[in-house]
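Student: Chains as they are written, first to last, in the numbering used here: chain G, 1 to 183; chain R, 184 to 366.
Think of the CB as a built atom: it goes at the ideal place given N, C-alpha and C, for glycine as much as any other residue.
2 protein chains.
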Amino acid sequence: MPMSLKHAILTLLETEESSGYDLLKQFQSRLGYFWNASHQQIYAQLKTMHADGLIDFHIEAQDNKPDKKIYTLTNAGRDALSDWVRHPLKLGKVNDALLVKLYAGHLADQSQLLEEMKDYRDNHQRMLNTFRAIEDEYRSSTKKEQENLALPYLTLRRGIIGEQACLDWADEVIRFLKGARSR
Amino acid sequence: MPMSLKHAILTLLETEESSGYDLLKQFQSRLGYFWNASHQQIYAQLKTMHADGLIDFHIEAQDNKPDKKIYTLTNAGRDALSDWVRHPLKLGKVNDALLVKLYAGHLADQSQLLEEMKDYRDNHQRMLNTFRAIEDEYRSSTKKEQENLALPYLTLRRGIIGEQACLDWADEVIRFLKGARSR
DNA sequence: TGTGCCATGTAATGCGTTACATGATTGG
DNA sequence: CCAATCATGTAACGCATTACATGGCACA
């Protein structure tokens, strides 16, 4: 069982029919933590999934805007999704360029590294803030809604815990680099 | 500036000349946290890097073992590496299949999901134990050595903090899934 | 007039995975 | 005898990135 964009798209369509553009927006906004894809990738994937009979579409005309292709799951798509959910995954691979860079950090300016770490920290701080805002929204919703969104909420928690870990680590590194500079 | 295996290999060769197999072992063991690559990928990459003049090699014969191709950095390779280190990176993309699965978790058995989360937890616990063992080694080395390994140590810290975050999150999810089952 | 959003794509290239392939040695 | 480790690769395929392309609308 390979993992791919395919299953992420099936998952989103299972909840709500969408156009390629809608999917892109979902990835960019609230699902950014767990999956990212470019519009080119999404449109290409939708095309092959349609050819494979996993999804169907109809055209929706709009006023003052281009037409949309609204995709929906077929039965085959639904089957493929629940089949995938039932199979265990391999552990995700870690390929983190920043760590490679730090490992080779003696080749760079300390102050340059420090700048890069600060940027990294800022970016993750921003992500964390976004996630916390979504969490607040969730917490102030009705009990009924909280039950419905329990699983998505757990994925959000992954985002929050993960971003906090990024910040903690970044602070450690920044502290070190500042210390090293003063020597 | 794209990131790739190339820079990870340059980084390793900068410290120590190695064969493709040696590099593989380094990725698999202590560098597992920040970069992973298969042997096929590594051999292919070494070949193109050699063609591009970034590395050189000599053959080393061994008793009772196949010959090795020992690669070293060329000046061009060294330049390419320090050049790369000087340029800022984009943020890494998050594509986490487990989160997609959890998001679509209503399509699966709760007990199946629970099993998968437990496996996930075990795997990350194992990683954390490995990293902590390396950390203990580091902490019990001489001050001189600690200074030399300060940057690699920071990458190890990323591993430790990150794995701990995985465990914390996994526990949260497991607690939830157990609760849901009893309802 | 320019920037950005809406909405869709193609083409080329690069990166990663899976399967296939060889052949010797060591240890249970 | 079987499995694992050492050591190297090829070929086919799939997934991701970058560049290129179109065209209307809204807002400053």
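1) What's the gap between the Cα of Q209 of chain R and the Cα of S221 of chain R?
2) Please tell me whether Q282 of chain R and R126 of chain G are closer than 8 Å, where the distance is taken between their beta carbons.
3) G236 of chain R and T257 of chain R - do their beta-carbons sit closer together than 8 Å?
4) Flag this pair as yes or no: are the beta carbons of L89 of chain G and A280 of chain R separated by less than 8 Å?
5) Grab me the residues of E346 of chain R's own chain with a C-beta within less than 7 Å of its C-beta, minus the 5 sequence neighbours each way, in chain order.
6) With distances taken from CA atoms, which of R:K301, R:Q211 and R:Y226 is nearest K189 of chain R?
7) Which one or two residues does DSSP pair with L73 of chain G in a beta bridge?
8) Per DSSP, what are the beta-bridge partners of E60 of chain G in this structure?
9) Is DSSP giving S18 of chain G helix, strand or coil here?
10) Just the C-alpha distance for I160 of chain G and H241 of chain R, rounded to the nearest angstrom, thanks.
11) Expressed to the nearest angstrom, what Euclidean distance is found between the alpha-carbon atoms of G20 of chain G and R78 of chain G?
12) Roughly how many angstroms lie between the CA atoms of S201 of chain R and E116 of chain G, to the nearest whole one?
13) Quick one: grab the DSSP three-state call for W169 of chain G.
14) By the 10 Å Cβ neighbour count, where 16 or more other Cβ atoms means buried, how is K284 of chain R classified, buried or exposed?
15) Using only the alpha-carbon positions, how far apart do D119 of chain G and V173 of chain G sit?
16) Assuming D96 of chain G is part of the alpha helix (DSSP H), what are its boundary residues?
17) Name the chain R residues whose beta carbon is nearer than 9 Å to that of T82 of chain G?
18) Please compile the residues from chain G whose C-beta is within a distance smaller than 8 Å of the C-beta of F314 of chain R.
19) Ignore the nearest five residues each way along the sequence and tell me which others in T194 of chain R's own chain have a CB closer than 7 Å to its CB.
20) Can you name, in chain order, every residue of its own chain whose Cβ lies under 7 Å from the Cβ of L206 of chain R, other than the five neighbours on each side?
21) If E14 of chain G sits next to A287 of chain R, beta carbons under 8 Å apart, how far is it from one beta carbon to the other, in whole angstroms?
22) What residues in the stretch 5-30 of chain G have a beta carbon less than 9 Å from any beta carbon of chain R?
Tutor: Based on what the coordinates show:
1) When the Cα atoms are used, Q209 of chain R and S221 of chain R turn out to be separated by approximately 12 Å.
2) Reading the sequence as shown, one finds Leu at residue 282 of chain R and not Gln. Their beta carbons are not under 8 Å apart, which means L282 of chain R does not touch R126 of chain G by this criterion.
3) In contact: T257 of chain R and G236 of chain R (Cβ atoms closer than 8 Å).
4) Between L89 of chain G and A280 of chain R, the CB-CB gap stays under 8 Å.
5) Sequence-distant Cβ neighbours of E346 of chain R in its own chain, meaning closer than 7 Å and more than five residues away, are H307, M310, L311 and F314.
6) Answer by Cα proximity: R:Y226.
7) Answer by DSSP bridge pairing, in chain order: G:I55.
8) Per the DSSP secondary-structure output, E60 of chain G pairs in a beta bridge with G:K68.
9) Strand at S18 of chain G.
10) Straight-line Cα distance between these residues: approximately 49 Å.
11) Taken atom to atom, the span from the alpha-carbon of G20 of chain G to that of R78 of chain G is near 18 Å.
12) For S201 of chain R and E116 of chain G, the distance between alpha carbons rounds to 29 Å.
13) Helix.
14) Burial is judged here by how many other beta carbons sit within 10 angstroms of a residue's own beta carbon; K284 of chain R has at least 16 and is buried.
15) A straight-line Cα-Cα distance of about 13 Å links D119 of chain G and V173 of chain G.
16) In the DSSP assignment, D96 of chain G falls outside any alpha helix (DSSP H) and carries neither an H nor an E.
17) The displayed chain sequence assigns Ser, not Thr, to residue 82 of chain G. Those are A287, L290 and A291, listed as they occur along chain R.
18) At a beta-carbon threshold of 8 Å, none of the residues of chain G lie near F314 of chain R; the nearest stands roughly 12 Å away.
19) Hits under 7 Å: L264.
20) Cβ within range, chain order: I192, L195 and I225.
21) Their Cβ separation, rounded to whole angstroms, is 6 Å, which keeps E14 of chain G and A287 of chain R in contact under 8 Å.
22) Residues L5, H7, A8, L10, T11, L12, E14 and T15.
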